[in-house]
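Novice:
Numbering (this note's numbering), first residue to last: 47 to 252.
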């Protein structure tokens, strides 16, 4: 896939695959670029080429897309992907991700947003933005297994402990900078603070 005008950066699907995903861990590529799903005279579309290079799925634009609609589509599509992943049972068997189903929902909602006051079929005919994103997928099923989270602190617990740590560090620094406290007493107090901070650090890592 080559740049046709100045100001664009030439890139091939093979280069993108090798540089951005050498470990082959990326599931999906979304190309918010004009005509990234359109076939050229001498080559397939970039989105199609990326799937050919091994990416499980790729989305490109069939023609020039308005940036605001492209952003809306991405928001709707990724929200659908997250919803699909969250619906998978934890610790169950690998289940297939139906990219086309998520794509359909995002495009349908985008079409409905074009003219909210009219029926979807009418809105879809009057607004072509929902038709621009195009999906390419590998022929083999893409399956995901949702692994249960490791037991540990919740995000709220971590925030509390981090705040507690900040307070301990602040108090320790104040005592360390206080010239009125005798050194032998100060050393014992600072040691206690250091032990508390160390214990907090250990709990945060665990």
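Beta carbons are placed, not taken as given, at the ideal position from N, Cα and C, and that holds for glycine.
Spatial neighbours of residue 193 within its chain, please: C-beta separation below 8 Å, excluding the five flanking residues on both sides.
Specialist: 136, 137
Novice: What number of angstroms, rounded off, separates the C-alpha of residue 257 from the C-alpha of residue 132?
Specialist: The chain is shown only over 47 to 252; residue 257 falls outside these bounds and no answer can be derived.
Novice: How many whole angstroms separate the CB atoms of residue 198 and residue 173, which I take to be in contact at a CB cut-off of 8 Å?
Specialist: Contact doesn't hold; Cβ gap of about 47 Å is too wide.
Novice: Could you check the C-alpha separation between residue 200 and residue 129 for me, to the nearest Å?
Specialist: 21 Å
Novice: Note down, in chain order, each residue of its chain lying with its Cβ closer than 7 Å to the Cβ of residue 153, except the 5 sequence neighbours on either side.
Specialist: 176, 179
Novice: By the DSSP assignment, the beta strand (DSSP E) with residue 255 in it spans what residues?
Specialist: No information on residue 255 is available, as it lies outside the stretch 47 to 252 that the chain covers here.
Novice: By Cβ distance below 6 Å, which residues in the same chain neighbour residue 242 in space, the five residues on each side in sequence not counted?
Specialist: 214
Novice: Evaluate contact between the segment 62-72 and the segment 141-151, counting only Cβ atoms and requiring at least three cross-stretch pairs below 8 Å.
Specialist: no
Novice: Under 7 Å, do residue 106 and residue 62 count as touching if we go by C-beta distance?
Specialist: no
Novice: Apart from the five residues just before and just after residue 87, which ones in its own chain have a Cβ nearer than 6 Å to its Cβ?
Specialist: Residue placement at residue 87 is poorly supported in this model, since its pLDDT is 42, which falls under 50; the coordinates still yield a value, given next. There are no such residues.
Novice: Along the alpha helix (DSSP H) that carries residue 152, what are the first and last residues, could you check?
Specialist: 145-160
Novice: Closest to residue 160 by C-alpha separation, out of 209, 116, 185, would be which residue?
Specialist: 116
Novice: In angstroms with no decimal places, state the Cα-to-Cα distance between residue 126 and residue 56.
Specialist: 32 Å
Novice: Taking only the alpha-carbon atoms, compute the straight-line gap between residue 222 and residue 209 and give it to the nearest angstrom.
Specialist: Distance between the alpha carbons of residue 222 and residue 209: 20 Å.
Novice: Sort 91, 232, 217 by Cα distance to residue 109 and report the nearest one.
Specialist: 91
Novice: Who are the Cβ neighbours of residue 74 in its own chain at under 8 Å, not counting the five residues just before and after it?
Specialist: 101, 102, 103, 104, 105, 127, 145
Novice: Leaving out five residues on either side along the sequence, give the residues of the same chain with a beta carbon under 7 Å from the beta carbon of residue 169.
Specialist: 157, 158, 160, 161
Novice: Based on DSSP bridge pairs, tell me the residues matched to residue 189.
Specialist: 142
Novice: Among 99, 195, 212, whose alpha-carbon lies nearest the alpha-carbon of residue 253?
Specialist: Limits of the chain in this structure are 47 at one end and 252 at the other, which puts residue 253 out of reach.
Novice: What's the call for residue 95, buried or exposed, on a 16-neighbour Cβ count within 10 Å?
Specialist: buried
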